[in-house]
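Sequential numbering from 1 applies to the sequence shown in the UniProt record's numbering.
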Amino acid sequence: MTVIDKPHLDRTHVLDLLAHMIRVRKFEDKCAELYTQEKIRGFLHLYDGEEAIAAGVIPVLRDTDRIVATYREHGHALVRGVPMTTVMAEMYGKAEGCSGGRGGSMHLFDADTEFYGGNAIVGGGLPLAGGLALADKMTGEDRVTACFFGDGAVAEGEFHETLNLAELWDLPVLFICENNGYAMGTAISRYESQTDIRAKAASYNIVSEAIDGMDVVTVEAATRRALATIRETGRPYFLECKTYRFRAHSMFDAQLYREKAEIETWREKGPIVRFQGWLLDNELIHDSDVQDIEARIDAEIAEAVDYAEAGTWEPVEDLTKHVLGPQNSAVEPIAPSGEMVETTYREAVKQAIRDAMIRDDRVFLMGEDVGAYGGCYAVTKGLMEEFGEDRIRDTPLSESGFTGAGIGAAAAGLRPIVELMTVNFSLLALDQIMNTAATIRHMSGGQFGVPLVIRMATGAGKQLAAQHSHSLEGWYAHIPGLKVLAPATVEDARGMLWSALEDPDPVLIFENVMLYNRTGLIDANAGAVDISRACVRREGTDVSLITYGGSLFKTLEAAEALEADGINAEVVDLRTLRPLDDATIMASVAKTRRAVIIDEGWRSGSLAAEISARIMEQNLWSLDGPVGRVCAEEVPIPYPKHLEDAAIPQVPSIIMAAKAQLGR
Numbered sequence: 001m002t003v004i005d006k007p008h009l010d011r012t013h014v015l016d017l018l019a020h021m022i023r024v025r026k027f028e029d030k031c032a033e034l035y036t037q038e039k040i041r042g043f044l045h046l047y048d049g050e051e052a053i054a055a056g057v058i059p060v061l062r063d064t065d066r067i068v069a070t071y072r073e074h075g076h077a078l079v080r081g082v083p084m085t086t087v088m089a090e091m092y093g094k095a096e097g098c099s100g101g102r103g104g105s106m107h108l109f110d111a112d113t114e115f116y117g118g119n120a121i122v123g124g125g126l127p128l129a130g131g132l133a134l135a136d137k138m139t140g141e142d143r144v145t146a147c148f149f150g151d152g153a154v155a156e157g158e159f160h161e162t163l164n165l166a167e168l169w170d171l172p173v174l175f176i177c178e179n180n181g182y183a184m185g186t187a188i189s190r191y192e193s194q195t196d197i198r199a200k201a202a203s204y205n206i207v208s209e210a211i212d213g214m215d216v217v218t219v220e221a222a223t224r225r226a227l228a229t230i231r232e233t234g235r236p237y238f239l240e241c242k243t244y245r246f247r248a249h250s251m252f253d254a255q256l257y258r259e260k261a262e263i264e265t266w267r268e269k270g271p272i273v274r275f276q277g278w279l280l281d282n283e284l285i286h287d288s289d290v291q292d293i294e295a296r297i298d299a300e301i302a303e304a305v306d307y308a309e310a311g312t313w314e315p316v317e318d319l320t321k322h323v324l325g326p327q328n329s330a331v332e333p334i335a336p337s338g339e340m341v342e343t344t345y346r347e348a349v350k351q352a353i354r355d356a357m358i359r360d361d362r363v364f365l366m367g368e369d370v371g372a373y374g375g376c377y378a379v380t381k382g383l384m385e386e387f388g389e390d391r392i393r394d395t396p397l398s399e400s401g402f403t404g405a406g407i408g409a410a411a412a413g414l415r416p417i418v419e420l421m422t423v424n425f426s427l428l429a430l431d432q433i434m435n436t437a438a439t440i441r442h443m444s445g446g447q448f449g450v451p452l453v454i455r456m457a458t459g460a461g462k463q464l465a466a467q468h469s470h471s472l473e474g475w476y477a478h479i480p481g482l483k484v485l486a487p488a489t490v491e492d493a494r495g496m497l498w499s500a501l502e503d504p505d506p507v508l509i510f511e512n513v514m515l516y517n518r519t520g521l522i523d524a525n526a527g528a529v530d531i532s533r534a535c536v537r538r539e540g541t542d543v544s545l546i547t548y549g550g551s552l553f554k555t556l557e558a559a560e561a562l563e564a565d566g567i568n569a570e571v572v573d574l575r576t577l578r579p580l581d582d583a584t585i586m587a588s589v590a591k592t593r594r595a596v597i598i599d600e601g602w603r604s605g606s607l608a609a610e611i612s613a614r615i616m617e618q619n620l621w622s623l624d625g626p627v628g629r630v631c632a633e634e635v636p637i638p639y640p641k642h643l644e645d646a647a648i649p650q651v652p653s654i655i656m657a658a659k660a661q662l663g664r
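If you want it as structure tokens, here you go:
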């Protein structure tokens, strides 16, 4: 039976509740003033009118519970205990800020208080919260993750995907919807066909309540009920807190979408006016108590402003700090056994996953059909039987939701492997990959990292037509904060995953579909592979053929054919697409004085274009001619085999491009 710890409205407690709300209100009033003075810049979203929610929820949480907030998170951070001095310094963008000045108003982070940040993407924090809770469930930690979001997030796919996962997997998440009636400037009745948000959560079989979010006592009582239930059952709970924001969506907002009379009507029943008036009317507090609270807070705000004003700007020389985490030292090679084993690329990936799960209890795999089905390309066949459904997790068809959950689990200390069935499907998770995985370390000033591995099949050749066949790895190689790998050999397929799981940063591994059945020899004792270096697969003197992934073996075949014509081609396997190993590329080009880049991505804006530009920037005067490129044609990948083959690099086109470099 659930035992509920009810609020005790003694004098000390009610003064604390009132002080929390006044403190948030006065802090934000000061921020608004500083914004008009251009001391605070960018977007500034104020919590004015919603203070009862943070004040009613957060003090009931344990210190070890986690919090994920929204871009309107100043109140959440302050009530949680993030020092006002460092919050204000962050608003200024100073190095002494709680996020090192890199996050600003919308991205307050504080590892010491388990505050996993505001999130500027509407609904973007929901999957993160689910992943944090997943990590706690898998490790047996007695924690709850509280996730705050606005009513506008309810229209996002991440809302539905996360609620479904939370109930499906019994995740200890307290979802708090701060329903202020507007998504930016659009009233809820204009963007939701079902305006009962509590009913949406209940449709996922989650215990749900709709409460008065303007009444701090009601909010606290509901939170105590919710937390007691979560801690007893391990299952999620949903609170829809009906509230109202008195100020604009942000300081840029002219508020032309609502009448002033509407705002004034709500102000009359605002959380501070209402609670303070009730306390005074019932003689639970006195006017002098309010004056003491306000004086104390005014002094704290003055101190915070002085702290921010005296703060320092981070040097421009530190611009790239915290893009990546502390880098591992060079991989120590494992002594070869001398016993060579023939295996397929598919089996090499499978054994890499298997070895990792045996070595490290923190490693688990999740994705669509990775368990009972064995994976779309049969890579994970048999692993669920060996490791169980907890560590080999079949997911719903919700790429953003489960990728975000992997990000959260990684941020909490686990080592997830997320499988996205095909690169085209990864675009459904691009928001989570780019806006959370790639940025959270930088935005938090290095407080949180995401040691996550995301695997996906890429490339054409299977006659799967346009929506399953593209090579988009060059897109991801554009994003700072990620590492992007494209293993081509069985040794790399096994060893690069090993290294990726020991890396502090999110690593994306692209497995070309045409390689899964390819066989190769690998040492029985093969281990980790250095993921920071390209590899020269064939020495040569006349032209450098630079490629990766599925095109490697076509390029090696072309090099053999060129040898018969008296052309000695060097083949460079990039292996790592971000960061690129410029040193190996430039050393090869300096030797051969000619270069052709083979890339299955489209020519326009391609990875090949980036490499070509780098060669021109660093090695122009050693070249005997312009850099050549062999890329995919500018078409969606067609279904008919002859057209599909014509759309991507093939051996004859590589040979032709190489000969053109030598004027043949």
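Built from N, CA and C at the ideal position, the CB exists for glycine as well.
Look at the Cβ atom of residue i, then the Cβ atom of residue j, and state whether they are nearer than 8 Å.
i: Trp313; j: Ala95; result: yes
i: Cys147; j: Val68; result: yes
i: Arg224; j: Pro7; result: yes
i: Arg143; j: Asp65; result: yes
i: Gln463; j: Glu209; result: no
i: Ala486; j: Ile637; result: no
i: Glu502; j: Ile522; result: no
i: Ala411; j: Phe448; result: yes
i: Leu508; j: Thr547; result: no
i: Phe246; j: Trp266; result: yes
i: Ser532; j: Thr489; result: no
i: Thr403; j: His468; result: no
Nearest to residue i by alpha carbon, out of the options?
i: Asp306; options: Gly97, Leu46, Thr344; result: Gly97
i: Ile433; options: Gly459, Glu473, Glu385; result: Glu473
i: His322; options: Met443, Arg258, Asn205; result: Met443
i: His478; options: Leu580, Leu134, Glu73; result: Leu580
i: Arg441; options: Pro480, Leu420, Glu610; result: Pro480
i: Asp289; options: Met616, Leu18, Leu574, Gly181; result: Leu18
i: Asp151; options: Val635, Leu365, Glu178, Ser622; result: Glu178
i: Asp361; options: Arg518, Ile353, Gly367; result: Ile353
i: Glu161; options: Gly131, Tyr182, Ala660, Met184; result: Gly131
i: Gly520; options: Thr145, Gly104, Gly157, Tyr345; result: Tyr345
i: Glu232; options: Leu482, Val379, Asp170; result: Asp170
i: Arg296; options: Glu560, Pro271, Phe27, Gly234; result: Phe27
Using a Cβ-Cβ distance under 8 Å, would residue i count as near chain B?
i: Glu50; result: The displayed structure is made up of one protein chain only, and chain B is not part of it.
What span of residues does the alpha helix (DSSP H) with residue i cover, start to end?
i: Pro7; result: Looking at the DSSP string, Pro7 is not in any alpha helix (DSSP H), and its letter there is neither H nor E.
i: Tyr47; result: Premise fails: Tyr47 is in no alpha helix (DSSP H) and is neither H nor E.
i: Leu134; result: 125-139
i: Gly157; result: 157-168
i: Ile654; result: 651-661
i: Thr85; result: 84-92
i: Gly101; result: Where Gly101 is concerned, there is no enclosing alpha helix (DSSP H), given that its DSSP letter is neither H nor E.
i: Ile67; result: No alpha helix (DSSP H) holds Ile67; the beta strand (DSSP E) holding it covers 66-68.
i: Gly406; result: 399-411
i: Arg274; result: 271-281
i: Arg267; result: 260-267
i: Arg41; result: Run containing Arg41: none; DSSP gives neither H nor E here.
i: Val423; result: 423-426
By DSSP, does residue i sit in helix, in strand, or in coil?
i: Trp602; result: strand
i: Gly495; result: helix
i: Met366; result: strand
i: Met443; result: helix
i: Gly520; result: strand
i: Leu577; result: strand
Hey, could you find the ends of the beta strand (DSSP E) residue i is sitting in?
i: Met456; result: 453-458
i: Val536; result: 535-538
i: Met340; result: 340-344
i: Phe510; result: 507-512
i: Leu485; result: 483-485
i: Leu420; result: 415-420
In terms of DSSP beta bridges, what is residue i paired with?
i: Ile546; result: Val572, Ile597
i: Ser208; result: Phe238
i: Ala187; result: Tyr182
i: Leu174; result: Ala146, Tyr237
i: Phe109; result: Per DSSP, none; premise fails for Phe109.
i: Gly628; result: Val596
i: Arg393; result: Met366
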